[in-house]
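FYI, the UniProt record's numbering numbers position 73 of the sequence shown as 73, with every residue one higher than the one before it.
Following: one structure in structure tokens, then a few remarks.
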Amino acid sequence: MASRFTSTVKASHQEEEELLKQQRSRRPVLPHLTIYQPQLTAILSSFHRITGVAMGGAFYALTISYAATSLLSIPFDSAAIVSTVAALPVAVKVLGKAAMAYPFVFHAANGVRHLIWDFGKELTIPGVYRTGYAVLAATAVVGSYFLLW
1 MASRFTSTVK ASHQEEEELL KQQRSRRPVL PHLTIYQPQL TAILSSFHRI
51 TGVAMGGAFY ALTISYAATS LLSIPFDSAA IVSTVAALPV AVKVLGKAAM
101 AYPFVFHAAN GVRHLIWDFG KELTIPGVYR TGYAVLAATA VVGSYFLLW
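Dropping the structure here:
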């Protein structure tokens, strides 16, 4: 069993401040985050959360808008939405569809990845990266399919 020797010394407030400054000057300084290489796992985790919040926020915004417009007698039904979207230029429709398709597919595929992990599969570092690249591939393929459909 190891023992640790300690001692206490009476010091003035000024001496304590000087000692604290000396201790802080010898402490290592954390390098800035820009020197770290971004990891696939951190990026996919961040985007999974971001897409979930964005889609949830869009769902709540649409639901609240629908409820508010019906209370205020503003036309916000399927026919009004279809006529508004039909009047948009093709480029805007494609961008809007892509903005919905890719986050949805990514979030769904990454959710399946998490379910695989819940079963205790692919929990090694190579397995985590393999499933991460599979999520990106599925997002590209299925998202493009939804975009062109």
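Virtual Cβ for every residue (Gly too), placed ideally from N, Cα, C.
Is the distance from the Cβ of residue i to the Cβ of residue j below 7 Å?
{"i": "Gly132", "j": "Val105", "result": "no"}
{"i": "Ala108", "j": "Val135", "result": "no"}
{"i": "Ala98", "j": "Leu147", "result": "yes"}
{"i": "Tyr66", "j": "Phe76", "result": "yes"}
Please state whether DSSP places residue i in a helix, a strand or coil.
{"i": "Asp77", "result": "coil"}
{"i": "His13", "result": "helix"}
{"i": "Phe119", "result": "coil"}
{"i": "Leu147", "result": "helix"}
{"i": "Ser83", "result": "helix"}
{"i": "Pro89", "result": "coil"}
{"i": "Ala101", "result": "helix"}
Measuring only the C-alpha atoms, how far is residue i from residue j?
{"i": "Phe47", "j": "Thr41", "result": "10 Å"}
{"i": "His13", "j": "Pro28", "result": "25 Å"}
{"i": "Leu123", "j": "Ala140", "result": "24 Å"}
{"i": "Trp149", "j": "Leu72", "result": "35 Å"}
{"i": "Ser78", "j": "Thr84", "result": "10 Å"}
{"i": "Phe88", "j": "Leu62", "result": "Looking at the sequence shown, residue 88 is not Phe but Leu. Using only the alpha carbons, I get a separation of about 19 Å."}
{"i": "Ile64", "j": "Ser70", "result": "10 Å"}
{"i": "Ala137", "j": "Lys93", "result": "24 Å"}
{"i": "Ala86", "j": "Pro38", "result": "41 Å"}
{"i": "Leu44", "j": "Ile116", "result": "15 Å"}
{"i": "Leu95", "j": "Ile81", "result": "17 Å"}
{"i": "Lys10", "j": "Leu30", "result": "32 Å"}
For residue i and chain D, any beta-carbon pair shorter than 7 Å?
{"i": "Tyr129", "result": "Among the protein chains of the structure shown there is no chain D, as only one such chain exists."}
With a threshold of 8 Å, are at least 3 pairs of Cβ atoms found where one atom belongs to the stretch 44–58 and the other to the stretch 94–105?
These segments touch.
Every unbroken beta strand (DSSP E) inside the stretch 21–74 [3 residues or more]:
Within the stretch 21–74, no run of beta strand (DSSP E) reaches 3 residues while sitting entirely inside it.
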